[in-house]
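Read through the structure below, which is laid out as C-alpha cells, and then see the notes.
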Amino acid sequence: MIGVLQYVAKRVGLYLVVLFIGLTITFFLPRLMPTNPIDGYIGQIQARASGALTAEAIASLRENLEVLYGLKGDLFTQYVSYLERVVLRFDFGPSFSFYPQPVSQIIFGAVPYTLGLLLCSTTIAWILGNLVGLVAGYFHTKRAASVLEIVGILLYPIPYYILAVTVILMLSYVIPIFPLSPSFPVGEMTPQKFGMIIYNSLLPAITLILAGFGWNILSMKALAVSTTEEPYVTYARLKGTSNGTRMLRYVFRNAMLPQVTALALSLGTIFNGALLTEMLFSYPGVGLIMRTAASSGDYNVLYGAITISIIAVATAGLIIDLIYPLIDPRIRHK
Amino acid sequence: MSASTATAPEAATSTPTAARRRDALLWLLNPRLAIGLAIILIMGVGSFVLPLFNTVDPSVQATYLKNLPMSFEHPLGTNAIGQDIFWFLVFAVRNSLTLGILVGLGVTVIATTIGLSAGYIGGNFERVVMLFVDSFITIPLLPILIILGAVIRGNSNFLTVGVIIMIFGWAWGARTVRSMALTLREREFINMAKFSGANTFDVLLREVFPYVTSYMLVAFINTVLFAINTEATLAVIGLSKVEVPTLGSIIFWALNYNALFTGNYVWIVAPIIATVALFLGLFLTSTGFNQAFASKRGVA
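Top line first, the protein sequences correspond to chains F and D.
Under my numbering, the letters of the first sequence match residues 42 to 375, in that order.
Under my numbering, the letters of the second sequence match residues 282 to 581, in that order.
Okay, structure coming up:
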C-alpha cells in the first residue's frame with residue numbers, strides 16, 4: 042500500500058514539474074523573439090487613425106496595453122505575475138479581438154466542441170483500426186490479410202491536410218452530401234440545433250477517423266503478429282479453442298495494452314490535432330480560436346489555448362501512468 | 282559466409298570479393314525497400330537535377346499567361362497567377378526534401394546524443410534530462426509554431442520553421458534511444474568493454490552507437506517525413522513563408538485561388554499526387570529498412 046502511495050506521489054510530483062517547465066517555456070519563447078506585439082498593435086491603430094494620434098496618446102495607449110498583456114515591468118516580474126495569474130486563477134486577461142471578454146470564457150466556450158468531435162472520432166478510429174489490425178495480424182499467413190494491411194499502408198502516409206482536402210472534394214463538391222461551408226448556430230441548445238451540429242461535424246469526423254485508422258491498423262497488426270507466435274497461443278490452439286476465441290481472448294487482450302497507451306497519448310494531443318481539422322472545416326473549437334487569434338495578434342487567447350493543450354497532454358500522461366498497472370498486471374509499482 | 286569458409290577453405294579463397302559484397306547487400310533487399318528507395322531516388326534526383334535546366338524563378342508571378350492547359354511547353358499547364366505548375370512543383374519537392382533532411386539530421390543527432398548519454402550515464406543526470414524531455418513532449422508543436430509564426434511574421438526565412446521543428450522535435454527520439462541505452466547498459470559486451478579499460482565515451486562510441494544505428498536510420502527517415510508534413514501543414518494554413526515553393530505552399534495557393542471552382546484541377550491534384558508519392562516512398566523505405574534489420578537479426 043505504501044509502495045502504491047509512493048508511486049502516485051512521485052508521479053504527481055513529476056506531473057507538476059513538467060507542467061511548470063512547459064508553462065515557463067511557452068512564456069519565454071515568444072519574448073525572445075525580436076518583435077513586440079504592442080508595436081504592431083499601435084501601428085494598426087495609428088494606421089486606422091491615419092496618423093492623427095499624439096505622442097502622449099500613444100504613450101498612454103502603450104501603458105494600458107502593457108498592463109492588459111502582462112508586459113509591464115522587467116521579465117522576471119512579468120514571469121511571476123504570469124505564473125500567479127495562470128496557476129491560481131486561470132486568468133489570461135481579456136481577449137483583444139473580443140474586448141473585454143476574458144480569454145478563459147472564450148476558451149471554455151470552445152472546449153466542448155473540440156472534445157466532442159475529437160474524443161468520438163479518435164475512439165472510433167481506435168476501435169475500427171484495432172479490429173482490422175487484429176484480423177490482419179492474426180491471419181498474417183493468409184493472402185487476404187495482407188490486403189487489409191495494404192489499406193493501412195496506403196492510408197497512413199497521407200498527410201492529414203491532403204486527406205481532408207480530398208474528403209471535402211469528394212463529399213461536398215463531387216458528391217454534395219455535406220455543405221461546403223458548414224454553419225454552427227450559437228446560443229441556447231435546442232434539439233434541432235443539436236442535430237445540425239452533429240450533421241456538420243460528420244465530415245471532419247470522417248476525415249479524422251480515416252487519418253487515425255491507418256496507423257492503428259499497422260501498429261495493431263505488428264503487435265498481433267508477434268503475440269500470435271507466443272507459446273500460450275499455441276497451447277490454446279492445441280487445447281482445441283476456436284480461432285475466434287484465440288483471436289479475442291488470447292491475442293487481443295495481450296496485444297491491446299500498448300495500444301491503450303497509444304490511445305491515451307493521442308487523446309492527450311487532440312488539441313494539437315484539432316487545430317488543422319477545425320481550420321479546414323471551420324469548426325468552432327479551440328483550434329479555430331487559436332488560428333483567428335494568431336492572425337489578429339490576440340496573444341492572450343493564444344497563451345490560453347496553448348496552456349490548455351499542455352495541461353491536456355500532461356494530464357493524459359499522468360492518467361495513463363496511474364491506471365496502467367490496473368489494466369496490465371505484468372507491470373509492477375517501482 | 283563464415284560457415285562456408287570454415288568447411289571449405291579452398292572455396293572461400295576462390296570467392297571473389299564482389300560476390301561477398303553482393304551477399305552483404307542482399308539481406309537489405311526486400312520489395313518494400315526497393316519500391317520506397319526507387320520512388321525517393323526518382324523524386325529526389327529529379328527535383329535536384331531538373332532546376333539546373335530552368336532559368337526562370339518559378340515563384341515569380343505573371344511569368345506566363347494564366348490558366349494555360351497542359352502542353353509541351355508547360356507539362357502541367359500554368360496557374361491563375363501565371364506560374365508554371367510543373368516547375369513550381371519541382372522546386373517545391375526540392376525545398377521540402379531539403380528542409381526535411383536538414384531537420385532529420387539535426388533531430389537525429391540531438392536525440393541520439395541526449396538519449397544515449399542519459400540512458401547510459403544514469404543517476405541524477407538522467408533524472409534531470411528526462412524531466413526536460415518529458416516537458417518538451419507535452420508542449421504541442423503546432424500551436425507553438427503558430428505563435429512564433431505570428432510573432433515573426435514577414436521576417437522569417439522558411440528554414441526558420443525547420444529550426445523550430447528541430448527544437449521541439451527531438452524529445453520523442455531521445456526517449457526511445459534512452460530506453461534502448463537502458464537495456465544495453467546491462468548487457469555483457471558492455472561490461473566486457475568496461476572491464477577492459479574503455480572509458481564512458483569509448484564505450485558509447487564503439488559499443489553502444491553501432492547498436493542503435495539501424496534504429497537511427499529509420500528514425501531519421503520518419504523525422505524527414507514529419508518535418509515535411511509539419512512545414513506543409515503550416516503552409517497550407519498560410520503561416521509559413523508561402524512565397525517559397527514547398528509542397529504545402531502550392532496547395533495553399535491553389536486553395537486560395539479556388540483552383541477547383543475555376544476548373545484548374547491540375548493545380549490542386551498534381552501537388553497532392555506528388556506529396557502522397559513522396560510520403561509513400563519515405564514510409565516504404567522506413568518500414569523496409571525496419572524489416573531488413575529485423576531479418577538480419579533473425580527476428581522475422
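Glycine included, every Cβ here is placed at the ideal spot set by N, Cα and C.
Item	Value
According to the neighbour-count rule (16 or more other Cβ atoms, all chains shown, within 10 Å of its Cβ), is T464(D) buried or exposed?	exposed
Quick one: give me the first and last residue of the alpha helix (DSSP H) that D583(D) is part of.	Because chain D is modelled from 282 through 581, residue 583(D) falls outside the range shown and cannot be assessed.
Per DSSP, what are the beta-bridge partners of D365(D) in this structure?	T359(D)
Measuring alpha carbon to alpha carbon, tell me which of R184(F), S267(F), N241(F), A185(F) ends up nearest L28(F).	Lying outside 42 to 375, the shown extent of chain F, residue 28(F) is not represented and no answer is given.
Suppose only complete runs of 4+ residues qualify. What are the alpha helix (DSSP H) ranges in the stretch 493 to 568 of chain D, listed by chain order?	528 to 537
Assuming S567(D) and V499(D) are in contact, meaning their beta carbons sit under 8 Å apart, how far apart are those beta carbons, in whole angstroms?	5 Å
At a Cβ threshold of 8 Å, is N561(D) touching chain F?	According to the sequence as given, residue 561(D) is Leu; it is not Asn. Output row for L561(D): interface = yes.
For N376(D) and M324(D), what's the separation of their Cα atoms in angstroms?	12 Å
Quick one: does L412(D) have its CB under 8 Å from some CB of chain F?	yes
Go ahead and pull the three-state DSSP assignment for T356(F).	helix
Looking at I549(D) and A540(D), is the spacing between their C-beta atoms short of 8 Å?	yes
For K522(D), count neighbouring Cβ atoms within 10 angstroms of its own Cβ and tell me buried if that reaches 16, exposed if not.	buried
Hey, out of L106(F), A151(F), L129(F), whose CA is closest to G338(F)'s CA?	L106(F)
If we count the other Cβ atoms within 10 Å of its Cβ and call it buried at 16 or more, is K183(F) buried or exposed?	exposed
How do the stretch 325 to 345 of chain D and the stretch 368 to 375 of chain D stand: do at least 3 beta-carbon pairs fall below 8 Å, yes or no?	yes
Using the rule of at least 16 other Cβ atoms within 10 Å of the residue's Cβ for burial, across every protein chain shown, is G544(D) buried or exposed?	exposed
Say whether chain F places a C-beta atom closer than 8 Å to the C-beta of T419(D).	yes
Taking only runs of the alpha helix (DSSP H) that begin and end inside the stretch 100 to 129 of chain F, which ones reach a length of at least 4 residues, in chain order?	116 to 125
Please list, in chain order, all residues of the same chain as F533(D) whose beta carbon is under 7 Å from its beta carbon, the five residues on each side excluded.	A516, V517, G519, V523
Output the boundary residues of the alpha helix (DSSP H) element that contains M261(F).	232 to 269
Mind pulling the chain D residues with CB within less than 9 Å of M331(F)?	L423, P424, I427, I428
With 16 as the cutoff for other CB atoms within 10 Å, does A289(D) come out buried or exposed?	The predicted position of A289(D) is uncertain, since its pLDDT is 41 and thus under 50; no value can be drawn from it.
By Cβ distance below 8 Å, which residues in the same chain neighbour P325(F) in space, the five residues on each side in sequence not counted?	A151, Y154, F225, E319
Determine whether the beta carbon atoms of F61(F) and L175(F) lie at a separation below 8 Å.	no
State buried or exposed for Y123(F), treating a residue as buried only when at least 16 other CB atoms are found within 10 Å of its CB.	buried
Could you please give me the residues that DSSP links to P135(F) through a beta bridge?	P143(F)
Below 8 Å on the Cβ atoms is my guess for I148(F) versus V354(F); work out the distance and round it to an integer in Å.	About 16 Å; that fails the 8 Å criterion.
Check whether the Cβ of V207(F) lies closer than 8 Å to any Cβ atom in chain D.	A small fix is needed here, since residue 207(F) is Thr in this sequence, not Val. At least one chain D Cβ lies under 8 Å of T207(F).
Could you tell me if I368(F) is buried or exposed, where buried requires 16 or more neighbouring beta carbons within 10 angstroms of its beta carbon?	exposed
On the three-state DSSP scale, how would you describe A479(D)?	coil
If you reduce the DSSP assignment to three classes, tell me which class Y197(F) lands in.	coil
Is I321(D) close to chain F? Criterion is C-beta to C-beta, closer than 8 Å.	no
Which residue's Cα is closest to the Cα of L195(F): V409(D), G562(D), T359(D)?	G562(D)
Given that a residue counts as buried once 16 or more other Cβ atoms are within 10 Å of its Cβ, and exposed if not, what is Y344(F)?	buried
Give, in chain order, every unbroken run of the alpha helix (DSSP H) that is at least 4 residues long and sits entirely within the stretch 401 to 441 of chain D.	404 to 419, 422 to 432
What do you reckon, are the CB atoms on V557(D) and I199(F) nearer than 8 Å?	yes
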